[in-house]
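Heads up: the sequence shown begins at 51 in this note's numbering, then just goes up one per residue. Where a beta carbon is used, it is the ideal one built from N, C-alpha and C, also for glycine. Treat the numbers as computed from the prediction; the structure is a model and nothing was measured.
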Amino acid sequence: MQWDLCNLASVYAIGVLSDNQTMMNEAIDYFKNGGGMGAIENALWFVHKEGNTGKPLAQCQESGRDQGHTLMDMGLLGVVAQQGYNQGEDLFAYLDNRILAGAEYTFKYNTGHDIPFEPYYNSRHGTHTVIDPRQRGQERPVAELLYAHYTSVKGLDASWTAEYRDKVVDAAGGAEGGGGDYGPNSGGYDQLGFGTILFRRN
Numbered sequence: 051m052q053w054d055l056c057n058l059a060s061v062y063a064i065g066v067l068s069d070n071q072t073m074m075n076e077a078i079d080y081f082k083n084g085g086g087m088g089a090i091e092n093a094l095w096f097v098h099k100e101g102n103t104g105k106p107l108a109q110c111q112e113s114g115r116d117q118g119h120t121l122m123d124m125g126l127l128g129v130v131a132q133q134g135y136n137q138g139e140d141l142f143a144y145l146d147n148r149i150l151a152g153a154e155y156t157f158k159y160n161t162g163h164d165i166p167f168e169p170y171y172n173s174r175h176g177t178h179t180v181i182d183p184r185q186r187g188q189e190r191p192v193a194e195l196l197y198a199h200y201t202s203v204k205g206l207d208a209s210w211t212a213e214y215r216d217k218v219v220d221a222a223g224g225a226e227g228g229g230g231d232y233g234p235n236s237g238g239y240d241q242l243g244f245g246t247i248l249f250r251r252n
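#1: May I have the straight-line CA-CA distance separating T201 from F249, to the nearest angstrom?
#2: In chain order, what residues of the same chain have a beta carbon less than 8 Å from the beta carbon of I64, not counting five sequence neighbours either side?
#3: Starting from K99 and walking both ways along the alpha helix (DSSP H), at which residues does that stretch end?
#4: Taking buried to mean at least 16 other C-beta atoms within 10 Å of its own C-beta, is L195 buried or exposed?
#5: Would you kindly report the start and end of the unbroken alpha helix (DSSP H) that includes N83?
#6: Thinking C-beta only, is G128 closer than 8 Å to P191?
#7: Using C-beta distances below 7 Å, list every residue in its chain close to A151, excluding the 5 sequence neighbours before and after it, in chain order.
#8: By DSSP's criteria, P106 is part of a beta bridge. Which residues make up the other side?
#9: Give me the Cα-Cα distance between I78 and G134, rounded to the nearest whole angstrom.
#10: Could you tell me whether the segment 157-164 touches the segment 219-226, where touching means 3 or more Cβ pairs closer than 8 Å?
#11: Can you tell me whether DSSP reads T120 as helix, strand or coil?
#12: Within 10 angstroms of its Cβ, does G227 collect 16 or more other Cβ (buried), or is it exposed?
#13: For H178, write down the residues that DSSP places opposite it in a beta bridge.
#14: First and last residue of the alpha helix (DSSP H) that includes K158?
#15: From F157 to V66, what distance separates their C-alpha atoms?
#16: Between the segment 109-120 and the segment 135-150, can you find at least three pairs of beta-carbon atoms closer than 8 Å?
#17: State the DSSP-derived secondary structure class of G224, mapped to helix, strand or coil.
#18: Looking at C-alpha atoms only, which residue of V203, A212 and A153 is the closest neighbour of N136?
#19: What does a CB cutoff of less than 7 Å around A131 pick up in its chain, not counting 5 residues either side in sequence?
#20: Distance check for A153 and T211, CA to CA, integer angstroms please.
#21: Along the alpha helix (DSSP H) that carries Y197, what are the first and last residues, could you check?
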């Protein structure tokens with residue numbers, strides 16, 4: 051899924067930089083209707099309802115794989131949606147704020163709370179019958195962008211995103227770090243980061 055999303059973000063970025071509307075349209079169409087795992091209905095494929103609030107929680111296709119990849123997916127979805135929003139295409143709002151529902155599901159679990167899980171069949175790895183706890187709670191600079199848009203711009207409830215954002219920011223000493231601050235290997239460079247200075251509005 052992350053390979054699909056990073057290539058989708060690349061196509062969109064190249065389209066914006068080169069003022070190529072065909073490439074931008076291709077990225078938007080793939081996000082909404084694509085056949086791969088980067089398309090939104092495949093990426094966040096099952097929507098649960100939170101028992102005590104009724105809040106939608108969208109299960110990520112990689113939730114049963116591990117949390118490192120799932121957290122990276124949230125960051126990449128935020129990047130693609132922000133690219134669209136900057137060009138007047140509100141992908142954040144698409145499918146009743148599906149990205150927010152995915153963020154709330156992922157961040158709720160990664161701040162130590164229980165969440166429901168729907169079994170998922172993967173042709174390579176078989177059936178994921180439970181959420182995978184590997185890398186649970188891992189700190190990644192992915193929540194500031196999502197929280198800023200859904201709360202400061204849209205005024206929506208993003209309480210689990212806030213809890214995860216605060217966890218990451220507190221661990222970094224007051225601001226989301228950047229590439230390399232979250233590990234020396236490839237995982238430490240998966241996101242640009244610096245979301246506190248780039249996106250926080252209040």
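Walking through what the data contain:
#1: One-based indexing of the sequence shown puts residue 201 at position 151. One-based indexing of the sequence shown puts residue 249 at position 199. Put simply, the backbone Cα of T201 is about 11 Å away from that of F249.
#2: Counted from its first residue, the sequence shown places residue 64 at position 14. For I64, where only same-chain residues beyond five positions count, the Cβ hits under 8 Å are N70 and M73.
#3: For this step, residue 99 is matched to residue 49 along the sequence shown. Element bounds for K99: not the alpha helix (DSSP H) but the beta strand (DSSP E), L94 to K99.
#4: Residue 195 sits at position 145 when you count from the first residue of the sequence shown. By the C-beta density criterion, L195 is buried, having at least 16 other C-beta atoms within 10 angstroms.
#5: For the purposes of this step, residue 83 is taken as residue 33 along the sequence shown, with counting starting at 1. Counting along the chain, the unbroken alpha helix (DSSP H) around N83 starts and ends at Q71 to N83.
#6: Against the sequence shown, residue 191 aligns to sequence position 141. Against the sequence shown, residue 128 aligns to sequence position 78. No. Outside cutoff.
#7: By one-based count along the sequence shown, residue 151 stands at place 101. L94, V97, P106, L107 and A108.
#8: Locating residue 106 in the sequence shown gives position 56, where the first residue counts as 1. P106 is bridged to K99.
#9: By 1-based counting over the sequence shown, the position of residue 78 is 28. By 1-based counting over the sequence shown, the position of residue 134 is 84. Going from the Cα of I78 to the Cα of G134 covers about 8 Å.
#10: no
#11: Taking the first residue of the sequence shown as 1, we reach residue 120 at position 70. Helix at T120.
#12: Taking the sequence shown and counting its residues from 1, the one referred to as residue 227 is at position 177. It is buried - the Cβ of G227 has at least 16 other Cβ atoms within 10 Å.
#13: To locate residue 178, count along the sequence shown from 1; it is residue 128. H178 is bridged to Y170.
#14: Taking the first residue of the sequence shown as 1, we reach residue 158 at position 108. Run containing K158: Y144 to Y159, per the alpha helix (DSSP H) assignment.
#15: Taking the sequence shown and counting its residues from 1, the one referred to as residue 157 is at position 107. Taking the sequence shown and counting its residues from 1, the one referred to as residue 66 is at position 16. Whole-angstrom Cα-Cα distance: 30 Å.
#16: no
#17: Locating residue 224 in the sequence shown gives position 174, counting from the first residue. Reduced to three states, the DSSP call for G224 is coil.
#18: Indexing the sequence shown from 1 puts residue 136 at position 86. Checked all of V203, A212 and A153; the closest Cα to N136 is V203.
#19: Your numbering for residue 131 matches position 81 in the sequence shown. If we look at A131 and ignore the five residues flanking it on each side, its Cβ neighbours are L141, F142 and I149.
#20: Your numbering for residue 211 matches position 161 in the sequence shown. Your numbering for residue 153 matches position 103 in the sequence shown. Distance between the alpha carbons of T211 and A153 is about 6 Å.
#21: Within the sequence shown, numbered from 1, the residue matching residue 197 stands at position 147. A193 to Y197 is the span of the alpha helix (DSSP H), which, as asked, contains Y197.
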